[in-house]
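This report concerns only the one structure given below.
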Amino acid sequence: MEYIDTHAHIFAPEFDGDRDAVVAAAVAAGVRRMLLPAIDPASNDALMQTCRQYPRNCFPMMGLHPTSVNDNPRWRDDLEQCVRLVKESPRGLFCGVGEIGLDYYWSRDFRDEQREVFVRQLELSLEEDLPVAIHVREAWDDVMDIVLSMRGRGLKGVFHSFSGTVDMVRELCGAGDFLFGIGGPATYKKSLQRVVREMDLSLMVLETDCPYQSPQPHCGTRNEPSYIPLVCNAVAQIKGVTPDLAAQITTENAVRMFLADNNGALKRPIK
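Numbering (numbering that gives the first Met the number 0), first residue to last: 0 to 270.
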């Protein structure tokens, strides 16, 4: 079976001691492609170096994470740096605009700033015809308002680590071409399992969000892409299908959204 980890931060310091082994373990487990969302300018060099080191396996996105806006007096400069990188880099270098979104878990004091950054990056995705990877934490009302207000404009992408409801899935699919990232919590979180049960496989992609959100039986330890088959098996069991079918459909979904050009051909790895 072949899988894609649609949300992995293997450029993070948690992997500095054994990144080669982590990538090798992922490939051995069938996770041959990993999509790496950006966090902030301070980590962009590590992100791009990782993708250059593993060009057949790692594909970068570019964006400014919502929590990187909080307490950051340079947030406008950081946002514009991300915009410039997307616009000035060779076409196809970035497979998406991400990780973007809203996160009010740590603080609600920066809502206006986060909303401005989120909207600008959604606009960037439309300008460059790129999918988005959207992060939402304790901010669903605002995210829904913004995304639904852009209905019909061609938004596309993934709601990373989806934590909403089936009704939200229906609303969001009416606003754009969206998929929903299913990760480690599907192995233990009953509310997510209920959503997975009711959601069609054609709307799902698999992810780890490593080094976070490890699946059972690895909760409490560092997550990594080689655990994607555990997520796939959980989805298959919940949906009552074979792991092979769950892997096939979620992989096809990820390729269509992030890795195929307008003719359906796979994009080349970065040099």
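Don't be surprised by glycine CBs; every beta carbon is placed ideally from N, CA and C.
Because the structure is a prediction, the values reported are computed rather than measured.
- Under the three-pair Cβ rule at 8 Å, the segment 98-116 does not count as touching the segment 161-181.
- Taking a contact to require three or more Cβ pairs closer than 8 Å, the segment 51-65 and the segment 17-36 qualify as touching.
- For D108, no beta strand (DSSP E) run applies, since DSSP gives it neither H nor E.
- Taking C-beta separations shorter than 8 Å and ignoring five residues to either side along the sequence, the partners of V116 in its chain run L63, P65, V68, W74, L78, I99, following chain order.
- In the DSSP assignment, V254 is bridged to no other residue.
- P12 carries a helical assignment under DSSP once its states are collapsed to helix, strand and coil.
- Burial check for S213: the Cβ neighbour count within 10 Å reaches 16 or more, so the residue is buried.
- Rounded to the nearest whole angstrom, the C-alpha separation of M47 and V85 is 13 Å.
- A contact between stretches requires three or more CB pairs, one per stretch, nearer than 8 Å, and the segment 237-252 meets this requirement with the segment 1-16.
- Ranking D70, M198, A24 by CA distance to the CA of T164 puts M198 first.
- Secondary structure note for K238: its alpha helix (DSSP H) is the uninterrupted segment 227-238.
- Counting other Cβ atoms within 10 Å of its Cβ, L147 stays below 16 and is therefore classed as exposed.
- Within the segment 28-79, complete alpha helix (DSSP H) segments of at least 4 residues are found at 40-52, given in chain order.
- Put simply, the backbone Cα of G173 is about 32 Å away from that of S88.
- A residue is called buried once 16 or more other Cβ atoms fall within 10 Å of its Cβ, and R196, having fewer, is exposed.
- According to the DSSP assignment, D128 belongs to no alpha helix (DSSP H), since it is labelled neither H nor E.
- Each residue's CA atom was taken as its position, placing A45 and F10 some 6 Å apart.
- A straight-line Cα-Cα distance of about 7 Å links G183 and Q215.
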